[in-house]
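Chains as they are written, first to last, in this note's numbering: chain A, 1 to 538; chain B, 539 to 884. Below: one structure, written as structure tokens.
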């Protein structure tokens, strides 16, 4: 194999991913002396304070709710025994399949003044009966918390399963009851993982565009979008994007801190069958009721509502144009998944044994994109490609946009954001190909081609499949990048959801949303299957 | 197939891992490299297998040049079987498929038969369909051996084949391993830091130190006539007492004049350090020679006593365990030596 090309690969990939960020920085630095300062002054005076406060309140509130729900449910399903525990252990992950913007429009549609639930309640209790308005700060926090608690649930559950029961036994032998043992030993031990899950929730909340749009709740992402499409001010959007990046960096730094502490505790391998605390009688049924309520609100009821509305509009909406949305969505998702996979495999080959510090650092940069909110990436991609286009025009003459507003721009954004998603399972596969395995194969007569076909491919297989699936589904759900960089006419299912919800056409948004949720079930199924297998192997 | 290394050297940044090493393992013989960790044993194996290239010197197998003098046969074309320290079984293949991995030119039926034959040979016929993670360490080791033997290599290399196994299964496995290797008629070179493994398997053993071969000999000769002080120390237990050579086969010591064949010629009058193995020192109540018990280890059938001589020198002795003596007691000893191993004092 040529030695130079795999060395250069990571650097090029890192450059690709970093380009949108670099473009934002360069544009802001350049634009600080620009002409749009009047608009920016207006923005700082009237918009910035509100948007910042909104974003901060939202993040704190959503993280609090998600941490409370996720941790308590994780403890119940990992450390306790109650009716239905085995079912809820995986069922409580299903809300992961429901994008926050879908849950948001279902909530608004059913709980708003004219929605089905308040109407029914007025029917029972009389016309004077009022429910708290869903279109409120509390409402958006509750919906995003419900949509994102599975991140905390997943991490905390893993921590509780590995050492929860054992340390609880140790605590009991030292005279702690189950409750004080939980609060003083199990939860503090799991705190790094809970914090890790909470950090993920914070990142998702910062990046959320679709759900807050449904609620008309202005955050940085919607402000960026409005600056872009409402004010046609790229400079303003760039400035806002940079500020949002600051928030992201803060959360990333906090997450690093939490993970640093997780290292010492991770050594414990939970190979033992966990001992669970039995919750007898009423307490068991209370636990069951709590889990049922979260499961119903987070998945069952919204899914049923979607199905009903979708059935209602299907005869009208399900035409050739609709098939076009689906095909375009699938094509984009497949292209992005293949591109991410190819880059992840190239990174894997370049950074395995014997690679120097430069490819490794580049690989880290190349996988940072997942932390960048889609709205920010979109702005970065457009200005980066705009710069390239301008350079091209200056160089070759002629007019028009060569890259901006093409599928290339869209894929560029997807790859920058989702490369990390593909990279993790692929690198997991590479980690399984130890040098000794290759030497063993070579001592048995395998040449380079056989190494790839008989050793690398089979060992990478599962990781490759996972990588493709995860990126595919993430691209299907993706909203802001698609919305802001798509070529004319390239509407995806997520764009359709956005457009319908923007017009309050909840029922017509249900059909594309249902397809997205169905696709989202695939990775959740994969995850639960892995969890089951790990549990059986233990 | 005869294996020969001629003046092979391989340096890594800062260390000469292998330093002008030459050795010959005759066709069908079981050779062994014994040495402390870091002595370069594994590097020698990797040079023979072709995972490393020598800086100087040549590697021959069956008279054919594999490495050196500008020539380098890649590992996949050497037909040298290798058993790795951590076994390196392919995690995605079951035991039978692991064994059949190297049988690429045979048809499916032949592959299946050969894999079954080898699993039978290593006593794992019933485990053919098990995945590597479902096998115990000892079973994985035997699959790794069967896999290395399957393509009928002329030469088999084993890198610390027992180091990942429990002590109580090692000896039994070593015997099985030897039987399987002899049955296949392969020439073998193994590497270990455990002399009991080396003794159990090998026809010939080379003791390595800092990249060089100190001695290449049969196990018995290595124990009874070590060529260097290092070999004497490293192989078996023993201590040195001082003596003076009186003439051929006679050495004067504080335990009297000792007679026996000196393994290396020493001029009369030379001051020597004389090696005494624990089995050279016999407990005898009737003896006038007395030594003080300074430490004792009960080993079931026998005690291993550390005895201090009047000069302060310490010797070891294995004594049947009904001779129970307390620390501080002075007991009678006599010597029973056939070979005298003495190194002139410098």
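Using N, Cα and C, we set each Cβ at its ideal position, and we do this for glycine too.
A straight-line Cα-Cα distance of about 6 angstroms links residue 614 of chain B and residue 444 of chain A. Of the candidates B/849, B/882, B/552 and B/606, B/882 places its Cα closest to the Cα of residue 809 of chain B.
For the C-beta of residue 614 of chain B, the chain A residues within less than 7 angstroms are, from N- to C-terminus, 442, 445, 446 and 447. Here residue 856 of chain B carries a strand assignment [DSSP, helix/strand/coil]. Rounded to the nearest whole angstrom, the CA to CA distance from residue 765 of chain B to residue 801 of chain B is 8 angstroms. The beta carbons of residue 430 of chain A and residue 348 of chain A sit closer together than 8 angstroms. Closer than 9 angstroms at the C-beta level to chain B, one finds no residue of the segment 238-262 of chain A.
Shown here for residue 403 of chain A: same chain residues with a beta carbon closer than 7 angstroms to its own, the five before and five after excluded, namely 385, 388, 389 and 409 in chain order. For the segment 621-641 of chain B, the set of positions with a beta-carbon nearer than 7 angstroms to some beta-carbon of chain A reads 622, 624, 626, 628, 629, 630, 639 and 640 in chain order. The beta-carbon of residue 439 of chain A is placed less than 8 angstroms from the nearest beta-carbon of chain B. Between residue 455 of chain A and residue 441 of chain A the beta-carbon gap is near 5 angstroms, inside 8 angstroms, which marks them as a contact. With the rule of 3 Cβ pairs closer than 8 angstroms, the segment 689-704 of chain B counts as touching the segment 665-676 of chain B.
Straight-line measurement puts the Cα of residue 374 of chain A at about 6 angstroms from the Cα of residue 480 of chain A.
Burial is judged here by how many other beta carbons sit within 10 angstroms of a residue's own beta carbon; residue 125 of chain A has fewer than 16 and is exposed.
With fewer than three CB-CB distances shorter than 8 angstroms, the segment 488-504 of chain A does not count as touching the segment 73-80 of chain A. Under the 10 Å beta carbon count, residue 216 of chain A is surrounded by fewer than 16 other beta carbons and is classified as exposed. Contact between residue 313 of chain A and residue 510 of chain A holds: CB atoms are separated by about 7 angstroms, below the 8 angstroms threshold. DSSP lists no bridge partner for residue 752 of chain B. In this structure the segment 65-74 of chain A touches the segment 142-161 of chain A; the number of beta carbon pairs closer than 8 angstroms is three or more. The beta carbon of residue 455 of chain A falls within 8 angstroms of a beta carbon belonging to chain B, placing the residue at that interface. The residue among B/654, B/587, B/817 and B/554 with its C-alpha nearest the C-alpha of residue 635 of chain B is B/654. For residue 49 of chain A and residue 176 of chain A, the gap between their C-alpha atoms comes out near 48 angstroms. Annotation for residue 863 of chain B: no alpha helix (DSSP H) segment contains it, and DSSP assigns it neither H nor E. At the C-beta level, residue 339 of chain A and residue 407 of chain A stay beyond 8 angstroms of one another. A straight-line Cα-Cα distance of about 17 angstroms links residue 688 of chain B and residue 566 of chain B. Across the set A/104, A/85 and A/12, the C-alpha of A/104 shows the shortest separation from the C-alpha of residue 502 of chain A. When the beta-carbon positions are compared, residue 584 of chain B and residue 692 of chain B stay at least 8 angstroms from each other. A contact is defined here as three or more CB-CB pairs under 8 angstroms, and the segment 720-732 of chain B meets this definition with respect to the segment 568-583 of chain B. In terms of Cα proximity to residue 240 of chain A, the closest of A/21, A/471 and A/282 is A/21.
The shortest CA-to-CA distance from residue 372 of chain A to any of A/207, A/60 and A/9 is the one to A/207. Our two residues, residue 244 of chain A and residue 470 of chain A, have alpha carbons roughly 26 angstroms apart in a direct line.
Ranking B/833, B/609 and B/580 by CA distance to the CA of residue 594 of chain B puts B/609 first. A contact between stretches requires three or more CB pairs, one per stretch, nearer than 8 angstroms, and the segment 284-299 of chain A meets this requirement with the segment 87-94 of chain A.
Chain-ordered, the chain B residues with CB closer than 9 angstroms to the CB of residue 432 of chain A read 629 and 630. Per DSSP, the unbroken alpha helix (DSSP H) holding residue 421 of chain A starts and ends at 407-432.
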